[in-house]
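> Per numbering that gives the first Met the number 0, the sequence shown starts with residue 0, numbered consecutively. We put the beta carbon where it would ideally sit given N, CA and C, even for glycine.
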Amino acid sequence: MTAGRLIGVGVGPGDPLLLTLRAVAAIEGTRRVAYLAAEGQPSLARAVVRAHLTPDHEEMPFEAPMRDDAGALAAFYDGAAATIAGCLDAGDDVALLCLGDPLLYGTFVYVLDRLRGRYGVEIVPGITSAAAAAARTARVLARRKDGFAILPAMMEEPRLRAALAAADAGAILKVGGRVRRLQALLKDLGRLDDALLVAWVGWPEETIVPFRDWTDPEAPYFSLVLVGERPA
Numbered sequence: 000m001t002a003g004r005l006i007g008v009g010v011g012p013g014d015p016l017l018l019t020l021r022a023v024a025a026i027e028g029t030r031r032v033a034y035l036a037a038e039g040q041p042s043l044a045r046a047v048v049r050a051h052l053t054p055d056h057e058e059m060p061f062e063a064p065m066r067d068d069a070g071a072l073a074a075f076y077d078g079a080a081a082t083i084a085g086c087l088d089a090g091d092d093v094a095l096l097c098l099g100d101p102l103l104y105g106t107f108v109y110v111l112d113r114l115r116g117r118y119g120v121e122i123v124p125g126i127t128s129a130a131a132a133a134a135r136t137a138r139v140l141a142r143r144k145d146g147f148a149i150l151p152a153m154m155e156e157p158r159l160r161a162a163l164a165a166a167d168a169g170a171i172l173k174v175g176g177r178v179r180r181l182q183a184l185l186k187d188l189g190r191l192d193d194a195l196l197v198a199w200v201g202w203p204e205e206t207i208v209p210f211r212d213w214t215d216p217e218a219p220y221f222s223l224v225l226v227g228e229r230p231a
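So this is what it looks like as structure tokens:
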């Protein structure tokens with residue numbers, strides 16, 4: 000029996016209209032559709048594609064633990080990968096949904112790490128939150144010789160500072176409880192006045208404000224800071 004393929008499907012940042020035609024084709028052409036969700040919460044990736052799910056689909060939800068415990072997360076991904084592998088061994092393709100792009104800070108990569116080399120893999124790229132936020136705000140990401148940095152807010156401060164200092168523009172992802180630290184860092188670099196906070200881009204809760212005006216010490220997990228082009 001020929002094993003099935005693992006298909007990583009990027010579903011974009013949240014707006015169903017930003018689903019690519021290739022993503023829709025992958026979902027509609029695959030019987031088994033898997034997705035991850037925070038424990039006790041509905042899957043955001045599923046919410047994006049729900050209009051394309053039918054009773055003929057066999058849905059495979061996986062609930063990830065909410066605590067910051069490397070061992071618990073490793074065990075979770077081990078279990079999810081083993082379950083998916085069982086379907087692949089039976090000859091079924093599995094489409095694993097992922098917000099944004101599967102290979103850019105996507106949860107898909109942790110399943111891929113465990114199954115790569117054993118099964119065929121197909122990746123359907125998705126529109127990233129940084130690209131969607133730039134489009135919503137008409138912010139230029141880069142031109143000609145500019146450098147653009149995509150950085151996680153959780154990055155160690157010396158590395159984050161160096162990357163932002165070197166980049167002409169950037170996006171800092173998953174801000175969460177790091178608002179004060181990031182505001183101070185950007186102010187020190189002279190970039191705070193050109194920074195925008197974009198939360199829940201593409202969702203009904205979407206919020207766009209100058210980052211300097213955000214007063215809450217926390218921002219939604221699904222928020223990013225766009226750092227504008229360096230002044231000429």
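Using C-beta distances below 6 Å, list every residue in its chain close to residue 176, excluding the 5 sequence neighbours before and after it, in chain order.
For residue 176, where only same-chain residues beyond five positions count, the Cβ hits under 6 Å are 217.
> Give the single residue among 160, 184, 62 and 13 whose Cα lies nearest to the Cα of residue 198.
Cα-wise, what sits closest to residue 198 is 13.
> My guess is that residue 100 and residue 64 are in contact by the Cβ rule of under 8 Å, so how many angstroms apart are they, rounded?
At roughly 24 Å, the Cβ-Cβ gap does not stay under 8 Å, so residue 100 and residue 64 are not in contact.
> For the beta strand (DSSP E) that residue 95 lies in, which residues bound it at each end?
Note, residue 95: beta strand (DSSP E), 93 to 97.
> Buried or exposed: where does residue 40 fall if 16 or more other Cβ atoms within 10 Å of its Cβ makes it buried?
Exposed, since its Cβ has fewer than 16 Cβ neighbours within 10 Å.
> Count the CB pairs spanning the stretch 61 to 81 and the stretch 127 to 141 that are closer than 8 Å, and state whether there are at least three.
The stretch 61 to 81, when compared against the stretch 127 to 141, does not touch it at the 8 Å Cβ threshold.
> What does residue 147 pair with, by DSSP beta-bridge criteria?
Residue 147 is bridged to 168.
> CA-CA distance, residue 26 and residue 7?
For residue 26 and residue 7, the distance between alpha carbons rounds to 10 Å.
> Whose C-beta lies closer than 7 Å to the C-beta of residue 139 among residues of the same chain, with five residues either side of it excluded?
Excluding sequence neighbours, residue 139 sits near 228.
> Would residue 152 be called buried (16 or more neighbouring beta carbons within 10 Å of its own) or exposed?
Classification for residue 152: buried.
> By a C-beta neighbour count over all protein chains shown, 10 Å radius and 16 as the cutoff for buried, is residue 165 buried or exposed?
Counting Cβ neighbours within 10 Å, residue 165 comes out exposed, since fewer than 16 surround it.
> Where do the ends of the alpha helix (DSSP H) carrying residue 31 lie?
Where residue 31 is concerned, there is no enclosing alpha helix (DSSP H), although the beta strand (DSSP E) it sits in stretches over 31 to 37.
> Using the beta-carbon count (16 or more within 10 Å), is residue 208 buried or exposed?
Classification of residue 208: exposed, given that the 10 Å Cβ count is below 16.
> For residue 167, is the classification buried or exposed, using 16 other Cβ atoms within 10 angstroms of its Cβ as the cut-off for buried?
Its Cβ being crowded by 16 or more others within 10 Å, residue 167 is buried.
> Would DSSP call residue 138 helix, strand or coil?
Looking at residue 138 - three-state DSSP - the assignment turns out to be coil, as it is neither helix nor strand.
> Tell me which residues share the same chain as residue 80 and place their Cβ nearer than 7 Å to its Cβ, disregarding the 5 neighbours each side in the sequence.
Around residue 80: 110, 113 and 114.
> With a threshold of 16 other CB atoms inside 10 Å of the CB of residue 37, please say whether the residue is buried or exposed.
The residue is exposed, with fewer than 16 neighbouring Cβ atoms inside 10 Å.
> Residue ranges of each beta strand (DSSP E) run of no fewer than 3 residues wholly in the stretch 104 to 131, ordered along the chain?
Fully enclosed beta strand (DSSP E) runs of 3 or longer: 119 to 123.
> Taking buried to mean at least 16 other C-beta atoms within 10 Å of its own C-beta, is residue 3 buried or exposed?
The residue is buried, with at least 16 neighbouring Cβ atoms inside 10 Å.
> So, is residue 96 buried or exposed, given that buried needs 16 or more other C-beta atoms within 10 angstroms?
Its Cβ being crowded by 16 or more others within 10 Å, residue 96 is buried.
> If we call anything under 7 Å between Cβ atoms a contact, is residue 103 one with residue 136?
For residue 103 and residue 136, no; Cβs fall outside 7 Å.
> Tell me the rounded alpha-carbon separation between residue 212 and residue 30.
Their backbone Cα atoms lie some 47 Å apart in a straight line.
> CA-CA distance, residue 226 and residue 85?
Rounded to the nearest angstrom, the two C-alpha atoms are 44 Å apart.
> Measure the alpha-carbon distance for residue 182 versus residue 50 and round it to whole angstroms.
Those two C-alpha atoms are separated by around 39 Å.
> So within the stretch 39 to 71, which uninterrupted beta strand (DSSP E) runs reach at least 3 residues, ignoring any that extend past its ends?
For the stretch 39 to 71, whole beta strand (DSSP E) runs of length 3 or above, ordered along the chain, are 57 to 63.
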